[in-house]
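Count the sequence shown with the working numbering and you get residues 150 to 210, in order.
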Amino acid sequence: MPVELLVNRIGELVSERQELRAASAPSAAIERNRVQIARAQWELAHALIDRYLPDTARSAA
């Protein structure tokens, strides 16, 4: 997924988390949301590495 879409997705998930907390949602729902945020952040980190790591550094690794 492109970096920009991942950034938007993380923003949506964070907004959802705030809504869940404001609504006193069950802890399981908040935990699912936390896992989704963590996964999206992991994907973002890897998308940024793919975008900015020079090809020479990638082939040396």
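Ideal Cβ positions, reconstructed from N, Cα and C, are used throughout, including at glycine. Owing to the predicted nature of the structure, the values given are computational and were not obtained by experimental measurement.
Remark: C-beta atoms of A194 and V152 do not approach each other more closely than 7 Å. With a contact defined as Cβ atoms closer than 8 Å, I159 and A189 qualify at about 5 Å. Remark: C-beta atoms of N157 and L169 do not approach each other more closely than 7 Å. Here R200 has V152 as same chain residues with Cβ atoms under 8 Å from its own Cβ, once five neighbours each way along the sequence are excluded. Its chain contains N182 as the residues whose beta carbon lies nearer than 7 Å to that of E165, once the 5 sequence neighbours on both sides are disregarded; these appear in chain order.
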